[in-house]
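Read through the structure below, which is laid out as structure tokens, and then see the notes.
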Amino acid sequence: MTAVVELAGVSIVRGDARLLDNIDWSVDEADRWVVIGPNGAGKTTMLQILAAQMHPTTGVVGLLDEVLGAVDVFELRPRIGLTSAALADRLPRSERVADVVVSASYAVLGRWREEYDELDHQRAKELLTELGIGHLSDRTFGTLSEGERKRVQIARALMTDPELMLLDEPAAGLDLTGREHLVRSLSRIATAEGAPAMVLVTHHVEEIPPGFTHALLLKQGRIVSAGPITEALTAQTLSETFDIPLALDHIDGRYTARAL
Ligand SMILES: Nc1ncnc2c1ncn2[C@@H]1O[C@H](COP(=O)(O)OP(=O)(O)OP(=O)(O)O)[C@@H](O)[C@H]1O
Ligand SMILES: [Mg+2]
Numbered sequence: 159m160t161a162v163v164e165l166a167g168v169s170i171v172r173g174d175a176r177l178l179d180n181i182d183w184s185v186d187e188a189d190r191w192v193v194i195g196p197n198g199a200g201k202t203t204m205l206q207i208l209a210a211q212m213h214p215t216t217g218v219v220g221l222l223d224e225v226l227g228a229v230d231v232f233e234l235r236p237r238i239g240l241t242s243a244a245l246a247d248r249l250p251r252s253e254r255v256a257d258v259v260v261s262a263s264y265a266v267l268g269r270w271r272e273e274y275d276e277l278d279h280q281r282a283k284e285l286l287t288e289l290g291i292g293h294l295s296d297r298t299f300g301t302l303s304e305g306e307r308k309r310v311q312i313a314r315a316l317m318t319d320p321e322l323m324l325l326d327e328p329a330a331g332l333d334l335t336g337r338e339h340l341v342r343s344l345s346r347i348a349t350a351e352g353a354p355a356m357v358l359v360t361h362h363v364e365e366i367p368p369g370f371t372h373a374l375l376l377k378q379g380r381i382v383s384a385g386p387i388t389e390a391l392t393a394q395t396l397s398e399t400f401d402i403p404l405a406l407d408h409i410d411g412r413y414t415a416r417a418l
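Taking the numbering used here, the leading residue of the sequence shown gets 159, the next gets one more, and so forth.
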């Protein structure tokens, strides 16, 4: 068992606000974590630390056997896959979908090299197929729907074979079919052999892909509960996190929540 993330006493302070408050947390390479919490809880802030995009105000961040602050982040970042709405906005809309994915292997946003290895193209095609959008390979990125773009972005993030995969609200804005397709794809990816450690941020327990093993519930920068999903995610912890009495059901590997 190897830890890919190791946070010790991590806080992020901006002005008077403690965005994250004394977080201790570790993610093992075999773990698939879901991070749940209300708006403003600090979820995206946490992912930015895990993506080596932000340094803690206090505390120690271990990432992939390196310590943030003592390592060149430009060497660390290619080992980490990140998908978020902010990153999706930066992808070139006029580019072919297959190229958006394949160009990730050069860690650039946009296609700058004319020659890619045949293997890279094969891998991109496989990933797009895995995510159920193989038929869109030749379309331009800008012509895709929101949900299709999200899946392209996930394929792109997986293209570099990251050791840690971070997903910030991948299902936000999707319709029911889109969400269900995405949840199924993520479930397959999460349970595949050789898959990276994963951390998925969401507001909705309905979006937790089967196969995710751990949950961290975050509220106002603090951990409400964290651990194996069946212990950490309960009606009680979820109610405390969202400040409302909730019932939680777990049926066929999927979760649903509703107010009492
Ligand atoms: N530079 C900053 N200065 C002060 N407050 C900030 C700064 N950046 C973010 N915040 C605040 O930190 C809190 C946590 O933000 P963050 O984006 O991590 O929340 P989140 O859990 O991802 O929320 P959401 O579910 O809405 O995406 C928010 O209240 C936000 O307004
Ligand atoms: Mg956020």
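For each residue, glycine too, the CB sits at the ideal point set by N, CA and C. Since we're looking at a predicted model, the values are computed, not measured.
*Contact set for A366: own chain, Cβ-Cβ below 6 Å, skip 5 residues either direction*: Numbered from its first residue, the sequence shown carries residue 366 at position 208. The amino acid at residue 366 is misidentified as Ala; the sequence shows Ile. Closer than 6 Å at Cβ, skipping near neighbours: V192 and Y413.
*Between which two residues does the alpha helix (DSSP H) containing D179 stretch?*
Mapped onto the sequence shown, residue 179 falls at position 21. No alpha helix (DSSP H) contains D179, which is instead part of the beta strand (DSSP E) from A175 to D186.
*Out of A256, R235, L234 and I402, point me to the one whose CA is closest to L277's CA.*
The sequence position of residue 277 within the sequence shown is 119, counting from 1. Among A256, R235, L234 and I402, the Cα nearest to that of L277 is on A256.
*A175 to A209, Cα distance in whole Å?*
As a first step, residue 175 is located in the sequence shown; it is residue number 17 there, counting from the start. As a first step, residue 209 is located in the sequence shown; it is residue number 51 there, counting from the start. One C-alpha to the other measures close to 22 Å.
*Beta carbon of K201: closer than 8 Å to some heavy atom of ligand 2?*
Position 43 of the sequence shown, counted from the first residue, corresponds to residue 201. Yes; taking the cut-off as 8 Å, the Cβ of K201 has a heavy atom of ligand 2 nearer than that.
_At the level of alpha carbons, what is the spacing between L249 and L324?_
Walking along the sequence shown from the start, residue 249 turns up at place 91. Walking along the sequence shown from the start, residue 324 turns up at place 166. Straight-line Cα distance between these residues: approximately 17 Å.
*Any heavy atom of ligand 2 closer than 8 Å to the Cβ of D326?*
Position 168 of the sequence shown, counting from 1, holds the residue named residue 326. It does: the Cβ of D326 is within 8 Å (strictly closer) of some heavy atom of ligand 2.
_Own chain partners of G167 with C-beta closer than 6 Å, once the 5 adjacent residues on each side are dropped_ = Within the sequence shown, residue 167 is the residue found at index 9, counting from 1. Contacts found: N180 and G217.
_Whole-Å CB distance - V359 paired with T202, under 8 Å assumed_ = Position 201 of the sequence shown, counted from the start, is the residue given in the question as residue 359. Position 44 of the sequence shown, counted from the start, is the residue given in the question as residue 202. At roughly 7 Å, the Cβ-Cβ gap stays under 8 Å, so V359 and T202 are in contact.
*What are the residues that DSSP puts in a beta bridge with L143?*
The shown model of the chain, from 159 to 418, leaves out residue 143, and the question about it has no answer.
*asked:* Please classify S252 as buried or exposed, where buried requires at least 16 other C-beta atoms within 10 Å of its C-beta.
replied: The residue labelled residue 252 in the question sits at position 94 within the sequence shown. Its Cβ having fewer than 16 others within 10 Å, S252 is exposed.
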